[in-house]
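In what follows, a structure is listed as structure tokens, so that the remarks can point back to it.
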Amino acid sequence: MHSLIQLSIVVLLLPLLSFVILIFFNRRLPRRGDFVGVGILGTAFAISAYIFWTVIVQTYDPAFRVAWNFTWIDLGNVPGVGPLQIKMGVVIDNLTAIMLAMVNLISLLVHLYSTGYMAGDKNYGRYFAYLGIFTFSMLGIVLSDNLFSIYIFWELVGLSSYLLIGFFFEKDSAANAQKKAFLANRVGDIGMWLGILILYSQFHTFGFSEIYANLAAGKFTLSNAWLTASGILLFMGCVGKSAQFPLHIWLPDAMEGPTPVSALIHAATMVAAGVYFVARIFVLLTPDALHVIAFVGAFTAFMAATIAITQNDIKRVLAYSTVSQLGYMVLGLGVGAYSAALFHLVTHAFFKACLFLGSGAIIHAMHHEQDMRWMGGLRKHMPWTFATFTLATLALAGLPLTSGFMSKDAILAGALGFATVEGGGIYYLIPVLGFFSAMLTAFYMGRQIWLVFFGESRTHLKPADDHHADHHAHDSHAAHGDEHHEEHGVHEVSWNMRAPLVILATLSVFFVYSPDPLDGAKGWFMHMIQTPATVVGSASLEKPAALATAQQPLLAEAAVVGAGHAEKDVPESAAAEKGEEKGGHTFADPRQAEIAHATHGAHYTAIYISSIMVVLGISMALIVFVFKIIDPDKTAEAIRPLYLFSLNKWYWDEIYDATFIRGSVILSKVLSWFDTNIVDGLVNGVAVTVRKFAFANAGFDKYVVDGMVNFTAFSVNTTGAVLRKLQTGKVQTYVVMLIIAVFGYFVYYVTKLVY
Amino acid sequence: MEQLTTIGLNHYLTVSAFLLGFGLFAVMTRKNAIVILMGVELILNAANINFLAFSKFNGGMQGVMFALFVIVLAAAEAAIALAIVINVFKTFKTVDVSNIDSMKE
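For the protein sequence lines, the chains are A and B, in the order given.
This note's numbering puts the first residue of the first sequence at 1, with every later residue one more than the last.
This note's numbering puts the first residue of the second sequence at 756, with every later residue one more than the last.
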């Protein structure tokens, strides 16, 4: 076993250890055991940092990969299924190393931050235990080398998010949010499981590398529609976990959890899992599946951005921005900008964690006020938070010199290249939605910064009927619930909450990733994470020849050749394999090569357009909120239907309520009726019949069988009673009887003699 | 007239029958155990008279011998019966046979 594998297993198990210790012993440990959680995560981060150092810095090989597995359960040859062998294994490549370090770092920072944010909570120890299992589950997903174990950890992530979103389960809203998250995820997971089963039914293995080898060798015997279906079904898992349309509804509600948990969910653990998973299965996605993914991502990015504009809750704005950014990542994967999407995953993880922890600091300082309308002017009171929050905001908006700029532009360049290659038309919708969302992002983040940090405090404007009304920002000794605020009014948070912000903000600057602030492709990340060659090349795609010939003349020939061999053919697959071996930017698959080429060409176009969009967005935010040239309230009034549409989140909750929820309620009522009347009727009917029969039987038993027995007893009794009169015990009576008998006999004898 | 002057077999048998009737009457109706015993003696003696009468009118000594045996037997029977009666009296303080019924139930 490679030493890195051993280390990674240690990293995987450490958070589990933290969970076990804290869930059982937190009440017996000093400080409820928070130092155990922080310490263990610190160790895990140190080890994963070492792995990162070894893999990324020392080896610096894009094709680096070590793997190890063992047979966990061997069920042998299951009848009707075939050989069923479940393996567990660890694979470490560049992506894994980066994700390990990222997840552990953010988890560590969230642990550290939580020691300040959650101080005084009555379930303080349990909270850290949950953080431990959450991190464990996510690390499991990152390290898994097969679909089965990834599915196990996938469900564990669902469980731990359920526990943490509903951490304040006394609140109805939190309890509902946790249920919503769990159920929405379940819908996606079903699809994912079906996708896994399609692949399993073909190859009888769950391992990624085995499946890809088999696919590349053309052993997929079903039609390509099945392969596309399996790709889309697997993507459904991502739709659930990464909150893509149409299952995005749970993520904003997940804001009911403690704010550091939101940071963890939104940055490192949960939503990243979906994108990571799609990246893992990227090579088996057919072009059709990728189109679906790209459109889902683009739509999600756009929709969430439009919703984020009008939200008033500071965390909800961030939540929708997460949905929007996840849409970018999924879009990026869909258009084939694999490394850009993962780059965005990592950069987004850092600045979104920073934003959430920053908003947590604000909420903490404002005594649990989350509505941005009643904030304002916090810049002077919270300089550290202000600086880091602003930096992360700029990264999110995608301003040059930040990490977000590089990754987002790489994705948008990929989208442009994709649209060019696919032949324009509807495919240009993807980059257009992407650019438009970039503008909206800049706008709503500008709005948020302005509302929260600038201007004058609007705490006193808050309607008095609210139950928070007595907690003015300038109240002294404002104590809220079980939290204990000893400071006066709004204050900067303590060091253990500030340090994570500073670290995360530093990681949102360009030089961490690339020496050139305009081109992420020159940095180490894009070099280490390169788009893998697909194993389901366009040769195996049943694409109409007309579409293929419509492609650029440069590669039209190759495409026509590919389209000509509509069925899977050996040379193409072999070529694809060769391309995979070589790695790098030379793709054997013509479609992929073309997109990579076009992406490269679109790089500067993307930068120009998106910079213009960002500047436009920020200027709009300035115009509306700073210079007040356009009054936001009046504008909202003027376009009231649109405003309400956005404020009510496109009415998705209502739509789902009216269709799926109402539908399932009606369905369950129908089934309940069926159950009570038909099924229960049958059961009751049988019961009544049996009862009737039993009564008849009992009657027979009582009157006939018992009657016979009793009659026997009665007759014996009666006979005895009669006969006992005869046996008086007096000899004289007997003598009389004797004489009577003799006389009787005499009479009989004489009578006989006479006649 | 001969019937009255000459004592024949019928006279004996008639006496014997009366004795038997009295004996039976005593056995069946009396409650005193000793009287019952006396009734039994009467019955036995009625049998003896029959034996002797038939013996006289039939010739031979078988009847006489039988009667002697019966007398001996009656003596033995009387002895045993009286002993039982004495013991019954000791136990129950009475010789009324209708009261001696402790084995009935």
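Glycine residues also receive a C-beta, built at the ideal position from the N, C-alpha and C atoms.
Item checked: Rounded separation between B/Leu-775 and A/Leu-738 - CA only -> Going from the Cα of B/Leu-775 to the Cα of A/Leu-738 covers about 15 Å.
Check: Going by other Cβ atoms of all chains shown within 10 Å of its Cβ, with 16 needed for buried, is A/Glu-581 buried or exposed?
Finding: With a pLDDT of 37 at A/Glu-581, under the threshold of 50, the modelled position of that residue is not reliable, and no figure is offered here.
Next item on the list: Compute the distance between the beta-carbons of A/Thr-347 and A/Ser-437, then report whether it is under 7 Å.
Entry: Their beta carbons are not under 7 Å apart, which means A/Thr-347 does not touch A/Ser-437 by this criterion.
Check: Can at least three beta-carbon pairs, one atom from the stretch 138 to 146 of chain A and one from the stretch 227 to 238 of chain A, be found at a separation below 8 Å?
Finding: Contact fails: fewer than three Cβ-Cβ distances are below 8 Å.
Next item on the list: Have a look at the DSSP bridge pairing and note the partners of A/Gln-85.
Entry: Its beta-bridge partners are A/Asp-74.
Notebook entry, point to check: Would A/Val-716 be called buried (16 or more neighbouring beta carbons within 10 Å of its own) or exposed?
Noted result: The residue is exposed, with fewer than 16 neighbouring Cβ atoms inside 10 Å.
Note to self: For a quick check, are the C-beta atoms of A/Met-613 and A/Ser-514 less than 7 Å apart?
What the structure shows: No.
Next item on the list: Assign A/Ser-144 to one of three DSSP states: helix, strand, or coil.
Entry: DSSP places A/Ser-144 in the strand class (E or B) of the three-state scheme.
Checklist line | Positions along the stretch 719 to 739 of chain A whose CB lies within less than 8 Å of some CB in chain B | finding: Correct list: Thr-728, Gly-729, Lys-730, Val-731, Gln-732, Val-735, Val-736, Ile-739.
Notebook entry, point to check: Hey, does B/Val-840 have any beta-carbon neighbour from chain A nearer than 7 Å?
Noted result: Among the residues facing chain A, B/Val-840 is not included, as its CB has no counterpart in that chain under 7 Å away.
Next item on the list: Going by CA-CA distance only, name the one from A/Phe-168, A/Ser-173, A/Ile-133, A/Ile-165 that's closest to A/Trp-154.
Entry: Nearest of A/Phe-168, A/Ser-173, A/Ile-133, A/Ile-165 to A/Trp-154, Cα basis: A/Ile-133.
Check: Quick one: is B/Met-783 near chain A, going by C-beta distance under 7 Å?
Finding: Judged by the 7 Å Cβ criterion, B/Met-783 is in contact with chain A.
Checklist line | Through-space distance from B/Met-783 to B/Thr-760, alpha-carbon basis | finding: One C-alpha to the other measures close to 35 Å.
Check: Would DSSP call A/Asp-589 helix, strand or coil?
Finding: Assignment of A/Asp-589 by DSSP, reduced to helix, strand and coil, places it in the coil class.
Check: Measuring CB to CB, does A/Ala-175 end up less than 7 Å from A/Phe-182?
Finding: No. Outside cutoff.
Next item on the list: My understanding is that A/Asp-74 touches A/Gln-58, with C-beta atoms under 8 Å, so please give their C-beta distance in whole angstroms.
Entry: A/Gln-58 and A/Asp-74 do not touch by the CB rule: their CB atoms are close to 37 Å apart, not below 8 Å.
Checklist line | Per-residue DSSP class, three states only, for A/Val-509 | finding: In the structure shown, A/Val-509 sits in a strand (DSSP, three-state: E or B).
Item checked: Short CB-CB distance (under 7 Å) between B/Asp-856 and chain A -> Yes, contact with chain A.
Item checked: Other residues of its chain near B/Ala-833: CB distance less than 8 Å, five sequence neighbours each side excluded -> A distance below 8 Å between beta-carbons, with the five flanking residues on each side excluded, links B/Ala-833 to the following residues of its chain, in chain order: Leu-792, Glu-796.
Notebook entry, point to check: Looking only at its own chain, which residues have a Cβ that is under 7 Å from the Cβ of A/Val-535, when we skip the five neighbours before and after it?
Noted result: Tyr-212, Leu-215, Ala-216, Val-283, Leu-284, Ala-576, listed in sequence order.
Note to self: Using only CA atoms, which one of B/Tyr-767, B/Leu-764, B/Ala-772, B/Gly-794 lies nearest to B/Gly-778?
What the structure shows: Comparing Cα positions, the closest option is B/Gly-794.
Next item on the list: Go to A/Arg-32, then tell me how far its alpha helix (DSSP H) extends in each direction, as first and last residue.
Entry: It is not in any alpha helix (DSSP H) - A/Arg-32 carries neither H nor E in the DSSP assignment.
Margin query: For the stretch 508 to 526 of chain A against the stretch 389 to 402 of chain A, do three or more pairs of beta-carbon atoms, one drawn from each stretch, fall closer than 8 Å, so that the two count as touching?
Written below: The answer is yes - the stretch 389 to 402 of chain A touches the stretch 508 to 526 of chain A, with three or more Cβ pairs under 8 Å.
Next item on the list: May I ask you to report which of helix, strand or coil DSSP gives A/Ala-521?
Entry: In the three-state reduction of the DSSP assignment, A/Ala-521 falls in the helix class.
Checklist line | Nonlocal neighbours in the same chain, by C-beta distance under 7 Å from A/Arg-316, ignoring five residues either side | finding: The residues are Pro-252, Met-255.
Checklist line | Beta-carbon proximity of A/Ile-190 to A/Gly-417, cut-off 7 Å | finding: Against a cut-off of 7 Å, the Cβ pair of A/Gly-417 and A/Ile-190 comes out as no contact.
Next item on the list: Kindly list the residues whose CB is nearer than 7 Å to the CB of A/His-64, restricted to its own chain and excluding five residues on each side of it in sequence; keep chain order.
Entry: Note on residue identity: the sequence assigns Phe, not His, to residue 64 of chain A. Once the five neighbours on either side are set aside, the close Cβ partners of A/Phe-64 are Val-55, Asp-93, Asn-94.
Check: For the ligand SAM, is there a heavy atom less than 6 Å away from the beta-carbon of A/Leu-284?
Finding: In terms of ligand content, the structure shown is empty, and the ligand SAM therefore cannot be addressed.
Notebook entry, point to check: By DSSP, does A/Ile-92 sit in helix, in strand, or in coil?
Noted result: A/Ile-92: strand per DSSP, three-state reduction.
Margin query: Can you confirm whether B/Leu-775, when its beta carbon is compared against all beta carbons of chain A, has any partner nearer than 7 Å?
Written below: With a threshold of 7 Å between beta carbons, B/Leu-775 makes no contact with chain A.
Notebook entry, point to check: Cα separation between A/His-291 and A/Gly-334?
Noted result: Taking the straight line from one Cα to the other gives about 6 Å.
Next item on the list: Return the residue from the list A/Ile-618, A/Val-66, A/Leu-412 that minimises the CA-CA distance to A/Tyr-608.
Entry: Distance from the Cα of A/Tyr-608 is smallest, within the candidate group A/Ile-618, A/Val-66, A/Leu-412, for A/Leu-412.
Item checked: Same chain, Cβ closer than 6 Å to A/Ala-602, neighbours up to 5 away in sequence not counted -> Within the same chain, A/Ala-602 has close Cβ partners Ala-413, Leu-416, Gly-417.
Next item on the list: Leaving out five residues on either side along the sequence, give the residues of the same chain with a beta carbon under 6 Å from the beta carbon of A/Gly-617.
Entry: A distance below 6 Å between beta-carbons, with the five flanking residues on each side excluded, links A/Gly-617 to the following residues of its chain, in chain order: Met-439, Ala-442, Phe-443.
Checklist line | Cβ-Cβ separation, A/Ala-101 to A/Ala-49 (assumed contact under 8 Å), whole Å | finding: The Cβ separation is near 6 Å, so the contact holds.
Next item on the list: May I ask you to report which of helix, strand or coil DSSP gives B/Val-850?
Entry: Coil, per DSSP.
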